[in-house]
Amino acid sequence: MDYDDIQKLFLEKGFFFPSSEIYSDAPAGFWDYGPLGVNFRNKFIESWRKNIVRRDGMIEIDGSQILSKNVFVASGHLDNFSDPIVRCNECKSVYRADRMISDISKEIISEKLSNEDYDAKIISLNIKCLKCKNSLSPVTRFNMMYDVGIGPKGDASYLRPETCQNIFVDFLRLSKTMRIKLPIGIAQFGKSFRNEISPRQSLLRLREFYQAEIEVFFNPNNVDDLDKFSEVSDTILNIHISEDKIITNSCLELVDRGILPNKFIAYYLGLVQQFYTNNGIELEKTRFRILPDDDRAFYATHSFDFEVLTSTGWLELVACNNRTDYDLSSHQKISGKDLQILDNEEKVLPHVFEISMGVDRSLYSIVEHSYKKDGERFLLSIKPGLSPYDVAIFPLSNKNDLPAFSKKIFNSLKLDFQSFYDSSGSIGRRYRRQDEIGTPICITVDFDSIENNDVTIRYRDSMEQIRVSVSEIHHKLVEYYNK
RNA sequence: GCGGUCAUCGUAUAGUCUGGUCUAAUACGUUAGCUUGCCAAGUUAAUAACUCGGGUUCAAAUCCCGGUGACCGCACCA
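5 is the number of the first residue of the first sequence in my numbering; add one for each residue after it.
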């Protein structure tokens, strides 16, 4: 199934849809989660908590989305997270200054020059508007952060462009109150905001999006002493070094051969791989791309992008970056607070390895990899723990007491399982509807049920049916979902 | 933001070129009956759309201009 099929499924079944869509001025890049999308996302995040955060003994925070200006002075986003642009004084066309200059001069122009340097080049090359040949404005910056005015004076602050800054600015308090020992992962799930010039492809590129981020604080002098490495040493990763060089090997081998820098990084890459494999993404369709120097974010020394092959090409789901002490030392400097902590009697400013997951994209990828056409049947074969509904309950007919009997079963399950009740239409149609939204189990109440106190359980993928007594249903579901 | 293409019920299409017959059609979906009694059956009825604003015209879904959005390419990125 390709992008368009998934998009249609999302819209028709109430997973996701455009925000403000009844208004014609609805801006691009904002999407609402519908009822099925919310359930699906909650389950995905719960799996992340269970299989990464709790498994590794991490702690989780939930920070505010609006942060003060100084946070972004320190993080570098005010300086680095922007493009140099010029406007035509007459026709108001907008150009990227660095690209315009390099197009005309045929030289390679850095993105990192000052506005004045760009202005000087524009004047010396006598560059005019490409459309109307009129003069250009001085270079200004288009910053990708949304600025927000606080209170009546509109004090400067910004919507966070990445969730992780909360973790860095909260680190001092967390280190003092949470009895932290290195290495420690601090996790956060929440929204980030970027004023993209041209968002596209619905969930794949948003202006307001979910991230599930982990910042692992560690002592840089102590990266190979890691007991829990054995949990991932056999985990296979595809390491993409260049287009013609992909190395597939276990975490242990990759460290031994020097392809991954140390056990510490290999361990966390292994966790990421295991997490996605367990949630239905095939190993063969994944890779960790090692980013070359000129491709990395301004704060990173090592970057590994976890990418998944979809119908739109390779899609980056997780950015794993060694941010070193870039953030903590910078916050230390700007805030004037000492952010060092004690690690075995040694006072250190921890380094940070970041695992930054794009949640919306991950959800898209999981659906694309699980949505199939099985003959005439549309089947969303996602892992049982991720499906929007755990179980659907149907009376075979609306006659006799079947609906009342079914409702009783529904009510007995709905607090422990995401349950769905449906009594209209033919039984086959109701099964197919659940298949398409991925409900792994349907329970059907028939005329014998009332007499024998049992029901039919029908499984999504195999369409198999088994007979189960009413008293066993709850236990059966607990077992199935491994709760 | 630029260039190209495009925009009709929830979805997919018809109608647009050549303005009037469009009071906008069909299928699937959805809702409510009937029927059926374990895999998208049948049947009856209902539901619901011309992206927004302006212009041309006796008359605009249809022609023109602008906004917004979508898709593809450039750039940017989780």
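Ideal Cβ placement from N, Cα and C applies to all residues, glycine included.
Considering only C-alpha positions, which residue in the set the options is nearest to residue i?
| i | options | result |
| --- | --- | --- |
| Glu217 | Ile184, Met361, Arg437, Glu288 | Met361 |
| Gly442 | Pro388, Phe421, Asp405 | Pro388 |
| Val173 | Lys12, Val152, Val75 | Val75 |
| Glu349 | Leu186, Leu13, Leu208, Lys54 | Leu186 |
| Met182 | Pro31, Ile345, Leu208 | Ile345 |
| Gly429 | Tyr485, Arg437, Gln422 | Arg437 |
| Asn223 | Arg211, Glu235, Phe268 | Phe268 |
| Val482 | Phe421, Ile447, Glu219 | Phe421 |
| Ile302 | Ser315, Asp329, Leu287 | Ile is not the amino acid found at residue 302; the sequence shown has Phe there. For the residues Ser315, Asp329, Leu287, the minimum Cα distance to Phe302 belongs to Asp329. |
| Phe414 | His478, Arg464, Arg462, Lys351 | His478 |
| Asp9 | Leu419, Gln469, Asp121, Glu372 | Glu372 |
| Asn130 | Asp151, Ser391, Ile105 | Ile105 |
| Asn199 | Gly262, Lys480, Cys446, Asn147 | Asn147 |
| Leu140 | Met149, Asp151, Lys125 | Lys125 |
| Arg464 | Tyr375, Ser473, Leu419, Asn486 | Tyr375 |
Among residues of its own chain, excluding the 5 on either side of residue i, which ones have a beta-carbon nearer than 7 angstroms to its beta-carbon?
| i | result |
| --- | --- |
| Arg471 | Asp458, Thr460 |
| Asp6 | Ser315 |
| Thr281 | Leu287 |
Report the CB separation of residue i from residue j in whole angstroms; it is logged as a contact under 8 angstroms.
| i | j | result |
| --- | --- | --- |
| Val363 | Val322 | The Cβ separation is near 10 angstroms, so there is no contact. |
| Phe221 | Val356 | 6 angstroms |
| Ile359 | Tyr271 | Ile359 to Tyr271, Cβ: 11 angstroms. No contact. |
| Val449 | Ser410 | 4 angstroms |
| Gln215 | Asp66 | The Cβ separation is near 12 angstroms, so there is no contact. |
| Leu241 | Phe292 | 6 angstroms |
| Phe44 | Ser366 | About 11 angstroms separates the two Cβ atoms, so there is no contact after all. |
| Glu440 | Leu384 | 6 angstroms |
| Leu313 | Lys289 | 4 angstroms |
| Gly284 | Ile386 | 6 angstroms |
| Glu219 | Cys168 | 6 angstroms |
| Trp52 | Leu210 | Not really, about 19 angstroms apart at Cβ, beyond 8 angstroms. |
| Asn119 | Val143 | 4 angstroms |
| Leu353 | Ser333 | 6 angstroms |
| Pro203 | Arg145 | The pair is not a contact, with the Cβ atoms about 20 angstroms apart (cut-off 8 angstroms). |
Can you tell me whether residue i is helix, strand or coil according to DSSP?
| i | result |
| --- | --- |
| Tyr485 | helix |
| Pro165 | coil |
| Gln69 | coil |
| Lys289 | helix |
| Ala304 | coil |
| Leu383 | strand |
| Leu256 | helix |
| Val227 | coil |
| Phe172 | helix |
| Asp121 | helix |
| Glu320 | strand |
| Glu16 | helix |
| Tyr463 | strand |
| Asp11 | In the sequence as displayed, the identity of residue 11 is Gln instead of Asp. In this structure, Gln11 counts as helix in the three-state DSSP scheme. |
| Leu264 | coil |
| Thr181 | helix |
| Met62 | coil |
| Ile49 | helix |
| Glu311 | strand |
| Ile345 | strand |
| Thr281 | helix |
| Lys376 | strand |
| Ala78 | helix |
| Leu140 | strand |
| Met361 | strand |
Comparing the CB of residue i with every heavy atom of the ligand GDP, is any distance shorter than 8 angstroms?
| i | result |
| --- | --- |
| Gly155 | Among the ligands in the structure shown, none appear at all, so the ligand GDP cannot be discussed. |
Leaving out five residues before and five after residue i in sequence, what residues of the same chain have Cβ atoms less than 8 angstroms from its Cβ?
| i | result |
| --- | --- |
| Gly60 | Note that residue 60 is Asp in the sequence shown, not Gly. The residues are Gly189, Lys232, Leu275. |
| Asn404 | Phe451, Ile454 |
| Glu311 | His244, Thr290, Arg291, Phe292, Arg293, Trp318, Leu319, Glu320, Leu321 |
| Gly18 | Gly38, Pro39, Leu40, Gly41 |
| Asp1 | Residue 1 falls outside the range modelled here, since the chain spans only 5 to 487, and no answer is possible. |
| Gln205 | Tyr7, Thr316 |
Identify, in the order they occur along the chain, each residue of the same chain with its Cβ nearer than 6 angstroms to the Cβ of residue i, setting aside the five sequence neighbours on each side.
| i | result |
| --- | --- |
| Asn325 | Ala304, Ser307, Glu358 |
| Asn266 | Val227, Asp228 |
| Phe398 | Asp426, Arg434, Thr448 |
| Tyr393 | Gln422, Phe424, Thr443 |
| Val236 | Cys255, Tyr271, Gly274 |
Which one or two residues does DSSP pair with residue i in a beta bridge?
| i | result |
| --- | --- |
| Asn147 | Ser86 |
| Thr239 | Per DSSP, none; premise fails for Thr239. |
| Gly153 | Ala160 |
| His355 | Phe222 |
| Arg471 | Thr460 |
| His244 | Ile250, Arg293 |
| Asn325 | Ser307, Glu358 |
| Ser423 | Val395 |
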